[in-house]
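Q:
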Amino acid sequence: ACNFYILYSSVLDKFYLGHTCEPLEERLRKHLANHSGFTAKCKDWKIVYSEEFLDKSAAYQRERVVKAWKSKKKVIELIQNKT
220 ACNFYILYSS
230 VLDKFYLGHT
240 CEPLEERLRK
250 HLANHSGFTA
260 KCKDWKIVYS
270 EEFLDKSAAY
280 QRERVVKAWK
290 SKKKVIELIQ
300 NKT
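Dropping the structure here:
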């Protein structure tokens, strides 16, 4: 299984959206380790949301849809409405 996930950093007050076929805890560990790119800016990222998909392309499609919202407010609503 693969996941679409959202990380949150309280230091930056920012969300990071991604997808992976690794276990989420392993993916987070990599973000917090010697990672370059956006999440390298700080080390307080937490997984605040995830959705599971059967394959990588479905998880990626979901990431694209949520990123296309371009709305922090809608991302917060998605996280708050998780069941």
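In the numbering used here, the protein residues as written are 220 to 302. Quick reminder that beta carbons are idealized off the backbone N, C-alpha and C, glycines included.
Measuring alpha carbon to alpha carbon, tell me which of Glu245, Tyr224 and Phe234 ends up nearest Lys260.
A: It is Phe234 whose Cα lies nearest to the Cα of Lys260.
Q: Using the three-state DSSP reduction, which class does His250 fall into: helix, strand or coil?
A: Helix at His250.
Q: Going by DSSP, which residues form a beta bridge with Glu271?
A: For Glu271, which the question treats as bridged, DSSP gives the partners Asn222.
Q: What first and last residue would you give for the alpha helix (DSSP H) that runs through Leu297?
A: Segment Lys291 to Gln299, the alpha helix (DSSP H) holding Leu297.
Q: Less than 9 Å between the beta carbons of Phe272 and Asn222, yes or no?
A: Contact flag set, yes.
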